[in-house]
Amino acid sequence: MKNQTSDPGSSLPLVVSVGFAGSRMLIASGHVLTDSEREEFHQVVENYLYECIAGIPEELHLQPNHFLCGISQIAIGADTLFTRALSARGIPQRIFLPQAREEYLNATGTSGTPDFSTTDKVIASDLLLSPHIIQERVVSDASDRTNRFEDTNLHILNASDVIVILLRANADTKPGGTDDLLQHALHHHKPVLEIQVSFENQQAAFTKTWHKLPQNWIPAPLPEILRSVAFPPDPSPPPAGLPTSSAHFLSTLKSLGSQIADWKSKGFKNSALIIIGAHFIATICAVCALRYHHPAILIIELLLLITGFTVHILLHRSQSMRVWAVSRISAEIARSVRCIEGIHIHLGHLFQLPLPHSFRPLLRTINTLHLASSKNSRTSWQLQKNHYIENRLLGKDGQINYYKSNLEKATRLLKFANTGFKLATIIAVVATIVKLALIILNNHDTHLQENLGSIAILLPIAAVASLSLAASFDLEARTHTYDETLRFLLEVEPRLRTTRTERAFIRLLIETETRLLGETANWFSRRSFTGIN
């Protein structure tokens with residue numbers, strides 16, 4: 002099968018996750034079929050699923066940049082047929098299990114009957130080795146069988162944009178079964194394709210119904226700022242079934258995000274200087290106008306006030322701060338995941354970040370591409386560990402150097418702002434005291450009193466301006482978070498270097514990336530809605 006591809010210059014690829022559940026027994030127990038007849042029936046159902054999956058992009062009005070990824074269990078019956086259909090179409094698939102594979106394949110029902118026969122175990126094990134399977138994940142730690150299956154249904158629901166249900170007609174409902182997923186999906190207003198299959202007149206009959214599918218339904222989009230980003234074609238062949246490789250997607254996202262973030266950051270800082278500087282100089286003009294009654298001074302004051310006000314309005318209307326925040330967090334997420342390429346792990350920590358819900362489609366896409374691209378990695382975990390430490394933490398562009406240099410810069414600027422505030426305030430206080438003393442002593446040096454009065458007016462404005470710049474540049478919070486994060490990195494680096502097992506390394510790696518991205522996510526929350534104070 003051909004890969005799902007995105008056109009050159011199209012939007013960023015975006016995954017549409019198709020969750021699935023179905024009846025284990027697709028033929029009622031009252032029908033007696035030979036093995037060949039049963040196999041023929043299952044083949045008909047598989048072919049029908051194949052065609053239904055092929056029609057999903059058109060029925061959902063998906064765009065060229067969308068690509069599908071299936072999510073299901075690997076039970077007998079419908080799950081097996083769904084997995085085969087996805088394999089035939091070259092669509093990647095994630096497997097969610099209620100318990101570890103061996104326990105799952107050897108589990109028994111409440112009656113003591115094994116869930117899998119010996120043949121079914123072999124079939125399921127072979128399917129799990131299929132190239133299109135990009136993840137096998139245990140999603141429940143419940144001790145009760147019913148609760149485990151309900152947990153699995155809920156995880157499938159939470160990770161999916163669309164649900165496909167394949168039910169045997171008139172099948173009994175069971176707690177934690179397929180009908181439970183159907184009801185949960187309807188309750189959450191997710192589009193559901195319900196397929197009912199029956200065995201009539203020695204052949205399969207199908208009934209297909211869409212639920213909760215509005216006429217203008219579209220999958221959850223990317224954050225608005227990223228929707229118009231042009232995505233260049235991947236120069237190298239992507240993994241089977243995908244429009245692009247994880248490396249190309251992340252490189253593009255990081256490059257574009259960093260460019261926009263740098264541009265908006267400089268624009269914001271320049272705007273802050275213009276707004277605060279214009280108002281401060283306008284205040285100087287106002288004080289001068291009290292002494293020198295010249296229209297040019299008032300014209301300059303007026304122009305400065307209009308300039309500061311106009312820049313302030315334009316800055317907020319352009320949403321530059323939010324564009325800056327979204328671009329930077331996107332670039333940082335891409336940079337983070339690029340540093341763990343080749344390590345086949347579920348990027349669950351990304352979904353725990355305090356980010357708006359609009360980021361979930363992007364995070365799902367990154368996770369799907371990462372799982373697919375890292376599945377066949379053959380690099381030893383020791384080499385991956387050394388690469389991570391040297392490039393992510395210690396390198397020239399590593400995080401330790403980044404936080405050291407930025408902590409020094411933020412500390413220096415904050416000290417400068419605080420010193421400016423204190424000096425301006427102290428001098429203004431002294432000027433006011435001296436002027437008060439002159440008045441009490443009946444000193445009639447009008448020129449001196451006017452100068453002292455001007456100082457008492459201007460310096461408090463300068464003091465407030467220095468604090469306003471410090472707040473606008475987020476210096477207090479940056480100094481604190483840079484210091485905390487740097488301390489953490491200096492502590493965790495030797496621990497990472499001395500880890501003895503792969504599991505210990507991955508656990509510490511996830512903790513490190515969660516901390517780094519958490520700091521950026523907290524900055525995003527502050528900066529998205531913080532203007533020039």
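Residue numbers for the sequence shown, in the working numbering: 2 to 534. Backbone N, C-alpha and C define an ideal beta-carbon position, used for all residues, glycine too.
Any non-hydrogen atom of the ligand COA closer than 7 Å to residue i Cβ
{"i": "Ala241", "result": "With respect to the ligand COA, the structure shown offers nothing to examine, as it has no ligands at all."}
Proximity of residue i and residue j at Cβ, strictly below 8 Å
{"i": "Leu61", "j": "Val163", "result": "yes"}
{"i": "Leu354", "j": "Ala522", "result": "yes"}
{"i": "Val553", "j": "Leu87", "result": "For the chain, the structure presents residues 2 to 534; residue 553 sits outside this window and is missing."}
{"i": "Ile166", "j": "Val198", "result": "no"}
{"i": "Pro362", "j": "Ala221", "result": "yes"}
{"i": "Leu408", "j": "Ile401", "result": "no"}
{"i": "Val312", "j": "Ser252", "result": "no"}
{"i": "His133", "j": "Asn154", "result": "no"}
{"i": "Val327", "j": "Ile226", "result": "yes"}
{"i": "Pro224", "j": "Phe360", "result": "yes"}
{"i": "Gly110", "j": "Gly242", "result": "no"}
{"i": "Asn377", "j": "Cys340", "result": "no"}
{"i": "Ser229", "j": "Ala332", "result": "no"}
{"i": "Gln74", "j": "Ile96", "result": "yes"}
{"i": "Ser11", "j": "Phe250", "result": "no"}
{"i": "Gly23", "j": "Asp80", "result": "yes"}
{"i": "Asp181", "j": "Glu151", "result": "yes"}
{"i": "Ser374", "j": "Ser246", "result": "yes"}
{"i": "Lys386", "j": "Phe310", "result": "no"}
{"i": "Leu509", "j": "Leu518", "result": "no"}
Residue i - DSSP class collapsed to helix/strand/coil
{"i": "Leu348", "result": "coil"}
{"i": "Arg169", "result": "strand"}
{"i": "Lys209", "result": "strand"}
{"i": "Phe42", "result": "helix"}
{"i": "Ile196", "result": "strand"}
{"i": "Cys70", "result": "strand"}
{"i": "Ala22", "result": "strand"}
{"i": "Val230", "result": "coil"}
{"i": "Gln383", "result": "helix"}
{"i": "Ser126", "result": "helix"}
{"i": "Thr119", "result": "helix"}
{"i": "Gln353", "result": "helix"}
{"i": "Thr174", "result": "coil"}
{"i": "Glu494", "result": "helix"}
{"i": "Leu34", "result": "coil"}
{"i": "Thr6", "result": "The predicted position of Thr6 is uncertain, since its pLDDT is 48 and thus under 50; no value can be drawn from it."}
{"i": "Ser237", "result": "coil"}
{"i": "Glu485", "result": "helix"}
{"i": "Glu342", "result": "coil"}
Start-to-end residues for the alpha helix (DSSP H) that takes in residue i
{"i": "Glu514", "result": "503 to 528"}
{"i": "Ile458", "result": "447 to 473"}
{"i": "Leu306", "result": "296 to 318"}
{"i": "Phe83", "result": "79 to 90"}
{"i": "Ile275", "result": "247 to 292"}
{"i": "Asp180", "result": "179 to 188"}
{"i": "Leu27", "result": "First-last for Leu27: undefined, no H or E at that position."}
{"i": "Ala160", "result": "146 to 160"}
{"i": "Asn217", "result": "Asn217 -> no alpha helix (DSSP H), and no H or E assigned at all."}
{"i": "Asn368", "result": "361 to 375"}
{"i": "Ser337", "result": "321 to 339"}
Span separating the alpha-carbon of residue i from that of residue j
{"i": "Ala108", "j": "Asp121", "result": "12 Å"}
{"i": "Ile440", "j": "Ile434", "result": "10 Å"}
{"i": "Ile77", "j": "Thr119", "result": "12 Å"}
{"i": "Ser177", "j": "Thr480", "result": "Rather than Ser, the amino acid found at residue 177 in this sequence is Gly. For Gly177 and Thr480, the distance between alpha carbons rounds to 50 Å."}
{"i": "Leu491", "j": "Gln383", "result": "20 Å"}
{"i": "Thr515", "j": "His350", "result": "6 Å"}
{"i": "His317", "j": "Val324", "result": "11 Å"}
{"i": "Ala290", "j": "Ala464", "result": "22 Å"}
{"i": "Ser7", "j": "Ile307", "result": "At Ser7, the pLDDT of 45 sits below 50, so the modelled position is not reliable and the matter cannot be decided from this model."}
{"i": "Ser529", "j": "Leu470", "result": "17 Å"}
{"i": "Leu304", "j": "Ile276", "result": "12 Å"}
{"i": "Met2", "j": "Tyr483", "result": "Because Met2 sits at a pLDDT of 39, beneath the cut-off of 50, its placement in the model cannot be relied upon, and the point is left open."}
{"i": "Leu356", "j": "Val338", "result": "17 Å"}
{"i": "Lys255", "j": "Gly343", "result": "18 Å"}
{"i": "Asn419", "j": "Thr486", "result": "23 Å"}
{"i": "Leu449", "j": "Ala457", "result": "12 Å"}
{"i": "Ser460", "j": "Ser321", "result": "It is Leu, not Ser, that sits at residue 460 in the sequence shown. If I take the Cα positions, the gap works out to 31 Å."}
{"i": "Lys267", "j": "Gly71", "result": "43 Å"}
{"i": "Ala438", "j": "Asn444", "result": "8 Å"}
{"i": "Phe42", "j": "Glu201", "result": "11 Å"}
Residue i: first and last residue of the uninterrupted beta strand (DSSP E) it sits in
{"i": "Gly421", "result": "Looking at the DSSP string, Gly421 is not in any beta strand (DSSP E); the run it does join, the alpha helix (DSSP H), is 400 to 441."}
{"i": "Gln136", "result": "134 to 139"}
{"i": "Gln94", "result": "94 to 98"}
Any chain D beta carbon closer than 8 Å to residue i
{"i": "Leu468", "result": "This model lacks chain D altogether, as it is built from one protein chain only."}
Using 8 Å as the threshold, is the stretch 411 to 419 in touch with the stretch 472 to 489, meaning 3 or more CB pairs across them?
yes
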